[in-house]
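S.K.:
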Amino acid sequence: MYITIDENNYITTASWGGILEEGFEIQDFEFTEDIRAYKCIDGEIVLDHTKLEQLSSEYPSQEEVKNLQKYLHSTDYIALQWLEEEKLNIPHHKSNEEYQEVIQKRQEAREKIREMSN
1333 MYITIDENNY ITTASWGGIL EEGFEIQDFE FTEDIRAYKC IDGEIVLDHT KLEQLSSEYP
1393 SQEEVKNLQK YLHSTDYIAL QWLEEEKLNI PHHKSNEEYQ EVIQKRQEAR EKIREMSN
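Whatever position you read off the sequence shown (first residue = 1), add 1332 for this note's numbering.
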């Protein structure tokens, strides 16, 4: 396996199939966490738990994105219902405050997904 490291000896790239320019060879290693949390010290790969926690807080998991998307999908009917009731001048099933709360939470979920994607 070939790896490249940054100026602090943290792994930035790993290749199991090819030689990396500016990289060097190490014994095969199984990464179980984000490779950026691993440090190469005297040729040995060590997991830095502090760095892993930092990366986890900076880059939310795909699970969080999935949960936000599930929330949006599960509240689609409420947003559509509101729009249809408005368009057809039908009395709303929920209070304006209830609808506004859902709409606000949906907007926050979309913003968080956008932030995570950048």
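The C-beta atom is built at its ideal place from N, Cα and C for all residues, glycine as well.
In this text the structure is predicted, and so the values were computed from the model without any measurement.
Go to K1426, then tell me how far its alpha helix (DSSP H) extends in each direction, as first and last residue.
M.R.: Per DSSP, K1426 belongs to no alpha helix (DSSP H) and is neither H nor E.
S.K.: Short of 7 Å in beta carbon distance, which residues of its chain neighbour L1323, apart from the five on each side in sequence? Order them along the chain.
M.R.: It is not possible to answer for residue 1323, since the shown part of the chain is limited to 1333 through 1450.
S.K.: Going by the DSSP bridge assignment, what does F1363 pair with across the sheet?
M.R.: The partner list for F1363 (beta bridge, DSSP) is empty, contrary to what the question assumes.
S.K.: So, for D1360: in the same chain, excluding its five sequence neighbours on each side, which residues have a beta-carbon less than 8 Å away from its beta-carbon?
M.R.: Within the same chain, M1333, W1348 come within 8 Å of D1360 by CB-CB distance, once the 5 residues on both sides are set aside.
S.K.: Less than 8 Å between CB atoms is the rule here; does Q1401 satisfy it with respect to chain C?
M.R.: Checking the listed chains, one finds no chain C in this structure; it contains a single protein chain.
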